[in-house]
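Residue numbers for the sequence shown follow the numbering used here, beginning at 16 and rising by one.
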Amino acid sequence: MTRLNRVLSAVLLPGAVASVVAQPLRVIDPKLYYLGTPGDPEWQEFAGKTPHGRRLDLKFAAQANTNESTLFIRQRDVKLDWGLELNGSKLGKLFLSEQDLNQALTVPAGALREGENTLSIIPPKERDDIEVGEIKLDSRPPKEALNESTLIISVSDEDRCKRRAVPVSHGRFPTLN
């Protein structure tokens, strides 16, 4: 090995290892689930389809977290309070919105266990069909996980532009915190 190759290997190898290790975002479940009452769809688009159930319990492996982490959840058509629990402890609620959006939730330090964990999406008592899924876990706290881009909007015609919605990906709205 020439001196140049040794130097390049010494310089490039640590970066390659760091890029493998330093990947904070992990997909817990890529699927999108339809949750609702079997045989009684709230939406016409789900007529003839069977919901996953009223409640969703996802088991996943993780490392115990000593710092805050961020949980990203895609959701749609949430009109009532749906609770979120991690390992039986309340984590928060889905954001009340019928829009297709991603929500970011803080996972407190110590909430994740070493090994198997369970994320539960708890339905309200009333009927409310929703879609939820594409769940991702970021080992960074929300302040870091959500600080990857900035959108600056300038409205030049205030009379015609009272309110604007900005879908960012496939008609979905930006992640809400």
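For each residue, glycine too, the CB sits at the ideal point set by N, CA and C.
Nearest-angstrom Cα separation, counted from residue j out to residue i
i	j	result
Leu103	Ile137	Per the sequence shown, residue 103 should be read as Gly rather than Leu. If you take the alpha carbons of Gly103 and Ile137, they lie about 11 Å apart.
Leu99	Gln114	19 Å
Ala77	Leu134	12 Å
Gly54	Arg89	24 Å
Ile145	Trp97	10 Å
Pro123	Glu83	5 Å
Leu120	Phe110	10 Å
Arg142	Glu57	8 Å
Asn162	Pro156	10 Å
Tyr48	Lys74	15 Å
Pro66	Lys140	17 Å
Asp92	Lys158	26 Å
Ser112	Asp153	23 Å
Gln59	Gly125	42 Å
Val160	Val42	What sits at residue 160 in the sequence shown is Ala, not Val. Their Cα atoms are separated by approximately 14 Å.
Leu106	Thr85	11 Å
Lys108	Leu50	15 Å
First and last residue of the uninterrupted alpha helix (DSSP H) at residue i
i	result
Pro157	Pro157 to Ala160
Test item: CB-CB of residue i and residue j under 8 Å
i	j	result
Phe87	Asn132	no
Arg70	Thr52	no
Asn80	Leu127	yes
Asp72	Ile150	no
Leu148	Lys64	Note on residue identity: the sequence assigns Gly, not Leu, to residue 148. No, the pair does not count as a contact, with Cβ atoms beyond the cut-off.
Residue range of the unbroken beta strand (DSSP E) whose run includes residue i
i	result
Leu106	Ser104 to Lys108
Pro45	Leu40 to Leu50
Exercise. Going along the chain, which unbroken runs of the beta strand (DSSP E) with 3 or more residues stay wholly within the stretch 123-160?
Worked result: Within the stretch 123-160, the complete beta strand (DSSP E) segments of 3 residues or longer fall at 130-137 and 145-153, listed in chain order.
Exercise. Which runs of the beta strand (DSSP E) fall wholly inside the stretch 64-99 and span at least 3 residues, in chain order?
Worked result: Runs of the beta strand (DSSP E) inside the stretch 64-99: 71-77 and 84-91.
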